[in-house]
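Residue 253 in my numbering is what sits at position 120 of the sequence shown, and the numbering runs on without skipping anything.
Idealized CB from N, CA, C, for every residue including glycine.
What follows is one structure encoded as structure tokens, with my remarks underneath.
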Amino acid sequence: MAAAVGGSTSAAAQVEPEKIENAVAVFSGLDKITGRIISFDVYIGETVQFGALQVTPRVCHTRPRTETPLTTGFVQVDEITLNNEVRRIFSGWMYAASPGLHAVEHAVYDVWLTDCKMSSDVPPPENYTGPPIAEVEAAGGDPLAGPDDGIDVIGQPRPKPFRP
């Protein structure tokens with residue numbers, strides 16, 4: 134039918150949805166020893182240590198609210214071995230919609246991407262050079278961010294940034 138009408142398909146069908154580049158990647162981490170799940174924010178380019186793992190998001194994309202949701206991030210995860218050596222165990226894309234397919238599964242820890250956002254209650258690192266951080270409104274704050282008192286919902290301290 135397309136060949137009879139104009140010989141090509143519509144340009145709208147070939148347009149890729151807009152990607153929003155975010156400043157913060159939100160991860161969940163499972164400690165298999167304690168059975169606890171912790172959520173933590175990491176700025177793009179920052180490295181945060183979760184147990185024996187160091188998590189570094191390189192990019193975190195979302196789509197506008199008017200598009201089909203898709204949250205993706207390119208993430209690198211290193212393991213600190215018992216010999217204090219750093220070994221890369223993951224470097225690739227994570228998809229928040231499919232955490233079972235695109236998560237880091239370690240013997241003791243699992244880490245997966247849950248969201249991307251423009252700002253965080255956690256202050257950015259001093260040398261932050263990632264995407265612009267959205268100003269958080271003083272009246273209401275970021276509606277997608279929860280309270281940050283440094284403690285997760287089950288009373289455990291949140292992972293701290295690893296700054297060599």
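{"query": "Continuous beta strand (DSSP E) stretch holding Leu163: start and end", "result": "157 to 164"}
{"query": "DSSP bridge partner residues for Gly225 (one or two, in chain order)", "result": "Val208"}
{"query": "Reduced DSSP category for Arg191 - H, G, I as helix; E, B as strand; rest coil", "result": "strand"}
{"query": "Sub-8 Å separation of Gln187 and Val210 beta-carbons", "result": "yes"}
{"query": "Glu218 to Gln182 span [Cα, whole Å]", "result": "14 Å"}
{"query": "Spatial neighbours of Ala229 in its chain, beta-carbon cut-off 7 Å, leaving aside the 5 residues before and after", "result": "Thr204, Leu246, Thr247, Asp248"}
{"query": "Whether Val244 touches Gly162 by CB criterion (8 Å)", "result": "yes"}
{"query": "N-terminal and C-terminal residue of the beta strand (DSSP E) that Leu318 is part of", "result": "Outside the displayed range of the chain (134 to 297) lies residue 318, so it cannot be described from this structure."}
{"query": "Endpoints, beta strand (DSSP E) assigned at Ser172", "result": "169 to 176"}
{"query": "Pick from Ser231, Ile153, Lys152, Val159 that is closest to Asp254, judged by C-alpha positions", "result": "Val159"}
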